[in-house]
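Let me begin by presenting the structure, written as structure tokens, before commenting on it.
So, in structure tokens, the structure goes:
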């Protein structure tokens, strides 16, 4: 016992002497089925490089954890728990919706970040998020230059919206795409069985307020060997009620049924979302319905066709049980690459997925400067939507198909997936309280 | 070649001489993720008993196929296709919502059934459905007695509503229960990550207009090792807005977030469904929203809590990708038992799942007389809902848990489940047209 204690003491002394910089990691924005796989990649890779990276401190609730000095000591988690992050959806450390203002507008917040980083010897900043988070990460990456604090800030791409530029796709998207493609196929089989005497139209509302990436994934449900009559309503295309109703009518006449995949962002020519179309409750209060409700009611009133509708909402982005293996692998690889790039001295960059070929699908890890990522939204290419505005093109299919490939099932216990909950033990605070 | 032909001819002659009776099989009511597994059980078992059962003719769209002489020759399907039914959701032969009237009210339909059965040498009638279908099957089973036509009618239990009596549970329910339990757990993890700065309440609407079986399954998402703050709104409990809002408030204050599982059948004390609560569009037309929308808007207006809501609808009952292995096995076993019971000479019965023990979970195939099944609805026992009306009891959990156990993944191709579509080749018609 005594000998052991001595060794431990010795180690501590040495650690203090050569102490490598610690890393800060946080999750930001809407979480996904695989953002924790990126966390797993970051932490496991950092643990393999203990001579260069000390501890990984996770921000409790994203950047807020950094501002409030609410840091989680991930070294308190077992290797098994960190490994289990790979198959656990949601954000294990808590996420946030919080965008740093510019240095000019809120210098106080940046000074606070530096104060916290200094107090905890943080030299690496890994931020895992989408477009807004890339902006935050970019601002942090400028701290070295602007305020003389040496930090390497690296953005780890994540968003179901698939709207980050340069990277081939965003981890998180592939799994939502797979969920929507699988669910659309399953529900279409269902409505086809019912169509003779009952439901003829099935409507499913999917995420994607600005870009139709997720809606497009619904189109994958129909393949050459399993064709399905699907109408997609993209946010990129102004909603034309007459044309839409005519299409439903002709599809049902031809196939006996059809499925409508409607993006939450579908809007009228004047810009109003379908979901905001003036529903009022008994007291005259405006109510927010969903786009699916509006479409379903329209199909009923215009064509008299019995229909059913679903709104997938969080179910789609949390559905780790049907995650895409490709997506999980990419999410992990992005986390791993972020640490490796940091160790090579990079700052202000984001690892990317670079597609090499479609058939066979090959990709490699690339790198993009954050200056070209922050605040840039990648829209669907025009040639991904058919001319009639209701379907995906072959080019779109070629792009999407590899992203949903492969299954990566979580372990189960008693019929339920075994998702890990970390201990999330806080790092003792050293500073005064900070009010955001 | 010549020799072969001779043998074939000989066989035909013999078949004609001893021709065993053919079987009629049909699917009825709302389809499920595993009703085709029952079809698989029926057809595979019949194929193993070709000396006693000739061909299995499936009704195109349920009993309608029998009335209109629209029969499908399942012998034209390969063994591989029939086997694939086991992992394919929906109703492969088409389903229907059609209830036969009583013999007194519509003798013409029964005479037609006999006409079709005679024309196609049908002596076995297998009907795969829920409560209404059990009634139809029961009426057919009386044809021997009432109209002198020898037929053995056997009901194969199926319904996501889990409301058939006598049987421990109904195939189809276990898989929906698993889907809801898994999805509720996943979405709860999601909202927990977001709660600090964004969504605090997640609402998911599930099926079950009269009984809260499916809503109860949402409660399974929370276990001792993974507790989750869940509020269940059962159709069995009159909705009390004040009490509900107070519960949400206290849960969010205590845990930071909560999940609400609301049955589509939840209603006000006066009987009105929440989903019908007077929503009107811009033109003053009544609109049917969902119960989830109403609950979400209520949480927003009463507590000012940001929330998200989902409506699972067909996605839940079609979700073969996350079917319960227990459920799939039971569905197959019910189909197999139906044929075996028929071969033993039974009529007017339904195979049942008889639970022997909970831990370890053991069950066997039993048998119930259709007279005691038709038009009897099994409600949730009172002791399955906690006194406050918002949760499931230990007794409920003990009942539900085994039903969601085990995974039974379908095969995949290019990221999508490979579900079979049968050729569904029609049997040549012999009779005049019949108008329903």
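Protein chains in written order, with the numbering used here: chain A, 5 to 440; chain B, 5 to 440.
Using N, Cα and C, we set each Cβ at its ideal position, and we do this for glycine too.
Checklist entry - Helix, strand or coil for residue 205 of chain B per DSSP? => result strand
Item to check | 6 Å CB neighbourhood of residue 378 of chain B in its chain, flanking five on each side removed | outcome: 138, 139 and 142
Item to check | Interface flag, residue 102 of chain B vs chain A, CB-CB below 7 Å | outcome: yes
Item to check | residue 58 of chain B versus residue 188 of chain A - alpha carbon distance | outcome: 37 Å
Next on the checklist: Let me make sure I understand the geometry here. Which of A:294, A:98, A:316 and A:73 has the alpha-carbon closest to that of residue 428 of chain A?
Outcome noted: A:98
Next on the checklist: If I measure Cβ to Cβ from residue 208 of chain A and keep anything under 6 Å in the same chain, skipping five residues before and after, which residues do I get?
Outcome noted: 265 and 314
Next on the checklist: Taking the beta carbon of residue 65 of chain A as the centre, do at least 16 other beta carbons fall within 10 Å, making it buried, or is it exposed?
Outcome noted: buried
Item to check | Beta-carbon neighbours of residue 99 of chain B, restricted to chain A and to distances below 7 Å | outcome: 197 and 198
Checklist entry - Any beta-carbon of chain B closer than 7 Å to the one on residue 130 of chain A? => result no
Next on the checklist: Using a Cβ-Cβ distance cut-off of 7 Å, determine whether residue 350 of chain B contacts chain A.
Outcome noted: no
Next on the checklist: So if I threshold CB-CB distances at 9 Å, which residues from the stretch 296–320 of chain B count as touching chain A?
Outcome noted: 296, 297, 298, 300, 301, 304, 305, 312, 313, 314, 315, 316, 317, 318, 319 and 320
Next on the checklist: Less than 7 Å between CB atoms is the rule here; does residue 409 of chain B satisfy it with respect to chain A?
Outcome noted: yes
Checklist entry - Which residues, in order along the stretch 228–248 of chain B, keep a beta-carbon less than 7 Å from a beta-carbon of chain A? => result 230
Checklist entry - Is residue 307 of chain A near the ligand SAM, going by C-beta to nearest heavy atom under 6 Å? => result Of the ligands one can find in the structure shown there are none, so the ligand SAM has no counterpart to examine.
Checklist entry - residue 161 of chain B by DSSP, collapsed to three states: which one? => result strand
Item to check | Distance between residue 182 of chain B and residue 326 of chain A (C-alpha atoms, nearest Å) | outcome: 13 Å
Checklist entry - When DSSP builds the beta bridges, which residues end up paired with residue 27 of chain A? => result A:60 and A:128
Checklist entry - Which two residues bound the contiguous alpha helix (DSSP H) that contains residue 68 of chain A? => result 67–71
Next on the checklist: Just to confirm the assignment, what range does the beta strand (DSSP E) spanning residue 76 of chain B have?
Outcome noted: 75–77
Checklist entry - What's the call for residue 387 of chain A, buried or exposed, on a 16-neighbour Cβ count within 10 Å? => result exposed
Item to check | Reduced DSSP category for residue 217 of chain B - H, G, I as helix; E, B as strand; rest coil | outcome: helix
Checklist entry - For the stretch 103–126 of chain B, which residues have a CB atom closer than 9 Å to at least one CB atom of chain A, in sequence order? => result none
Checklist entry - What residues in the stretch 385–409 of chain B bring their beta carbon closer than 7 Å to a beta carbon of chain A? => result 405, 408 and 409
Next on the checklist: Does any residue of chain A have a CB that is nearer than 7 Å to the CB of residue 201 of chain B?
Outcome noted: yes
Checklist entry - Whose Cβ in chain A lies nearer than 8 Å to the Cβ of residue 68 of chain B? => result 200 and 201
Next on the checklist: Less than 7 Å between C-beta atoms, sequence neighbours within five positions excluded: which residues of the same chain meet that for residue 251 of chain A?
Outcome noted: 235 and 394
Next on the checklist: Please state whether the Cβ-Cβ distance between residue 86 of chain B and residue 342 of chain B is less than 7 Å.
Outcome noted: no
Checklist entry - Are residue 133 of chain B and residue 254 of chain B touching if we call contact CB-CB under 7 Å? => result no
Next on the checklist: Whole angstroms are fine: how far does the CA of residue 423 of chain A sit from the CA of residue 84 of chain A?
Outcome noted: 12 Å
Checklist entry - Rounded to a whole number of angstroms, what is the C-alpha to C-alpha distance between residue 169 of chain A and residue 415 of chain A? => result 34 Å
Item to check | Residues sharing a beta bridge with residue 262 of chain B, DSSP | outcome: B:205
Checklist entry - Are residue 317 of chain B and residue 91 of chain A closer than 7 Å when you measure CB to CB? => result no
Checklist entry - How is the beta strand (DSSP E) around residue 311 of chain B delimited, first residue to last? => result 311–315
Checklist entry - For chain B, is any of its Cβ atoms less than 7 Å away from the one on residue 14 of chain A? => result Its pLDDT being 48, under 50, residue 14 of chain A is placed unreliably by the model, and nothing is read from it.
Checklist entry - Pick from B:434, B:412, B:358 and B:438: whose alpha carbon is nearest that of residue 403 of chain B? => result B:358
Item to check | Beta carbon proximity, residue 145 of chain A to chain B, threshold 7 Å | outcome: no
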